[in-house]
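Numbering (our numbering), first residue to last: 1256 to 1448.
For every residue, glycine included, the Cβ atom is placed at its ideal position computed from N, Cα and C.
Only a predicted model underlies this, so the values are computations on that prediction, with no experimental measurement involved.
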Ligand SMILES: [Cu+2]
């Protein structure tokens, strides 16, 4: 079992609050009282860890960025661990000053043909760690991926976000059609080539 899988299993998604970290500190309390509670619960997708662009061509190389919009209940982010979906033949993380990169590979059952020959191993997880991203700041963690030739499919990337003091977010819920889970995994739609 990989380190990432263990982290997923050890995580209790209900143990953290998305709401407290979402409220802007600059908003006066009097104004907050006027905001209907359902608005407070509707955490915008942009506030989580999401991939931009949301769509990439199928069967092609694409630069995707994991946008990290906040820490864990005010604590700074110290690690971002991305689980890679089956079907990516390549995933190359962009180095980031102050952060250490770890790539974990897995063997594939059927070798993947690429323009550089047959691949018998594919990336399973990519992690950036050791840096410090303050809660008030915004950052992007970038990788170059080779997407499978499956237009119309949505690839799911579960993400573990670790923070100073031991807090963490597990962005691992797979969004069902028409639903907005509380801790959605990052997703990438595959468009026409
Ligand atoms: Cu969020």
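Between residue i and residue j, what straight-line distance do the alpha-carbon atoms span, to the nearest angstrom?
i	j	result
residue 1347	residue 1328	30 angstroms
residue 1360	residue 1434	32 angstroms
residue 1407	residue 1394	29 angstroms
residue 1403	residue 1314	5 angstroms
residue 1448	residue 1405	9 angstroms
residue 1369	residue 1344	8 angstroms
residue 1424	residue 1392	17 angstroms
residue 1324	residue 1332	10 angstroms
Below 6 angstroms CB to CB, which residues in the same chain sit around residue i once its five sequence neighbours on both sides are set aside?
i	result
residue 1382	1336, 1357
residue 1386	1353, 1354
residue 1431	none
residue 1375	1366
residue 1307	1320, 1322
Please list, in chain order, all residues of the same chain as residue i whose beta carbon is under 7 angstroms from its beta carbon, the five residues on each side excluded.
i	result
residue 1440	1411, 1412, 1413, 1414, 1426, 1427, 1428, 1429
residue 1330	1390, 1418, 1419, 1420, 1422
residue 1436	1428, 1430
residue 1350	1356
Am I right that residue i and residue j are in contact with their C-beta atoms under 8 angstroms? What's the rounded C-beta distance?
i	j	result
residue 1377	residue 1397	That belief does not hold up - the Cβ atoms of residue 1377 and residue 1397 are roughly 19 angstroms apart, past 8 angstroms.
residue 1416	residue 1305	About 12 angstroms separates the two Cβ atoms, so there is no contact after all.
residue 1379	residue 1316	Wrong, their Cβ atoms sit about 19 angstroms apart, outside the cutoff.
residue 1388	residue 1342	About 29 angstroms; that fails the 8 angstroms criterion.
residue 1445	residue 1320	About 17 angstroms separates the two Cβ atoms, so there is no contact after all.
residue 1384	residue 1334	4 angstroms
residue 1399	residue 1318	6 angstroms
Ligand 1 and residue i: does the residue's C-beta get closer than 7 angstroms to at least one heavy atom of that ligand?
i	result
residue 1422	no
residue 1329	no
residue 1325	yes
residue 1303	yes
If I follow the unbroken beta strand (DSSP E) through residue i, where does it start and stop?
i	result
residue 1424	1423-1426
residue 1336	1332-1338
residue 1327	Segment: none, residue 1327 is in no beta strand (DSSP E) and carries neither H nor E.
residue 1211	Here the chain has residues from 1256 to 1448 only, and residue 1211 is not among them.
residue 1442	1441-1446
residue 1347	1345-1348
residue 1416	1414-1418
residue 1384	1372-1388
Who are the Cβ neighbours of residue i in its own chain at under 8 angstroms, not counting the five residues just before and after it?
i	result
residue 1373	1366, 1367
residue 1340	1410, 1411, 1412
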